[in-house]
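A.B. asks:
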Amino acid sequence: MKIISKNQIKDLHITPSICVDWVKESFSLKEKAQLPAKISVHPQGNDFFTSMPCLLPPEFSRFGIKIVHRITGGIPALGSDILLYNSLTGELLAMLDGDWITTMRTGAVATLAIQTLRASYSSTYGFIGLGNTARATMLCLLDSQKEIFHTVYLLKYKDQADLFIERFNNYRNVQFIVVDTIEELISQSDTIVSCITDAKDLLCPQDELFKEGCLVVPIHTRGFQNCDLFFDKIYGDDTEHVKGFRYFSKFKQYAELKDVLSGKAAGRENDKEKILSYNIGLGLHDILFASKIYDMLSEKAKDIKIQKETSKFWI
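In the UniProt record's numbering, the protein residues as written are 1 to 315.
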């Protein structure tokens, strides 16, 4: 069994644009993969452990499961680990740190949704919540479309906007504008990306502030339930993830993102449609990333021998 650390993964220098390619590939595999529903347990309060299994299509011969947890007061509060198996033999191939994979595939999925569903004239973006997920999304956007200049509105919160701008100081295809209110951000943005992990109330209850033709991508699903009722189209990464939403039955039009990518469902049909894309996260993305990274590192990663019984009877 290999042990693959975050630093080993980072040292591969996998570009954000490659991450976007990988999530696009993983959506194309969804019909052939086995992707059971997530299972969560809650040890205390809002803390959780969630298991995300996925059997990749037969040509990969790989099964994996990611365990993601959030523990209040933990540093970091959110963490994840991935186990990768040979699905033909049952051999445990590797244990991988899941933090880089989770963050970058989340940003890549958001970017793919933006590139697929935004209006043709879209050039202004609004980012709410400026942590690692927002940084990953910004990296994927800028790296996968270097020819496009982005104007990005950032919602001011403590010193996070300044740190965010500093992170992207060397990028020449973006300019940042810091605003004090969410109302200003939403009214100025063609595409709105929310990366906050918790919102008890609606982030912007004034429906009229959402621009004609806007796209909303609430990465952690919070705060935009009012949009469920009046937006023209809603998309999801998996129907099982969203069918329990309070207003699911009231969506005007719904489809999975994979069906838009494959041409089975209509995406944006004009620049007036208001569209929302829920991408809650698929174990499929994590395990495809893990499988590719394992193949890249299998000769270099530390190997731990696991002594297995070879006798039929061993008790």
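Cβ atoms here follow ideal geometry from the backbone N, Cα and C, with glycine treated the same way.
I'd like to check one pair, G281 with I196: are the Cβ atoms closer than 8 Å?
C.D. replies: Cβ distance not < 8 Å, so I196 and G281 don't count as in contact.
A.B. asks: Which value, in whole angstroms, describes the spacing of the CA atoms of N173 and A77?
C.D. replies: Approximately 32 Å, taken between the alpha carbons.
A.B. asks: Mind reading off the beta-carbon distance from F48 to S40? Whole number of angstroms is fine, and I expect it under 8 Å.
C.D. replies: The Cβ separation is near 5 Å, so the contact holds.
A.B. asks: State the CB to CB distance for the pair A110 and N279, rounded to an integer number of angstroms; the pair is presumed to be in contact (CB under 8 Å).
C.D. replies: Confirmed, about 6 Å.
A.B. asks: Just the C-alpha distance for P53 and S123, rounded to the nearest angstrom, thanks.
C.D. replies: Distance between the alpha carbons of P53 and S123 is about 37 Å.
A.B. asks: In chain order, which continuous runs of the alpha helix (DSSP H) of length 4 or greater are located wholly inside the segment 25-105?
C.D. replies: For the segment 25-105, not a single whole alpha helix (DSSP H) run of length 4 or above is found.
A.B. asks: Our contact map puts L29 next to P58 with C-beta atoms below 8 Å; I'd like the distance itself, whole angstroms only.
C.D. replies: Going by Cβ atoms, the distance from L29 to P58 rounds to 11 Å, so no, they are not a contact pair.
A.B. asks: Looking at the unbroken beta strand (DSSP E) that takes in T191, where does it start and where does it end?
C.D. replies: Start and end: T191 to S194.
A.B. asks: Kindly indicate which residue of D201, G45, S61 and I82 has the alpha-carbon position closest to the one of G73.
C.D. replies: With distances taken between Cα atoms, G73 lies closest to G45.
A.B. asks: Report all residues from its chain with a CB closer than 8 Å to the CB of I306; omit the five preceding and five following residues, and keep chain order.
C.D. replies: So the list reads M1 and L92, once near-sequence residues are dropped.
A.B. asks: For S194 and L203, which I take to be in contact (beta-carbon distance under 8 Å), what is that distance rounded to the nearest angstrom?
C.D. replies: The pair is a contact, with the Cβ atoms about 7 Å apart (cut-off 8 Å).
A.B. asks: CB D97 to CB I234, shorter than 8 Å?
C.D. replies: Cβ distance not < 8 Å, so D97 and I234 don't count as in contact.
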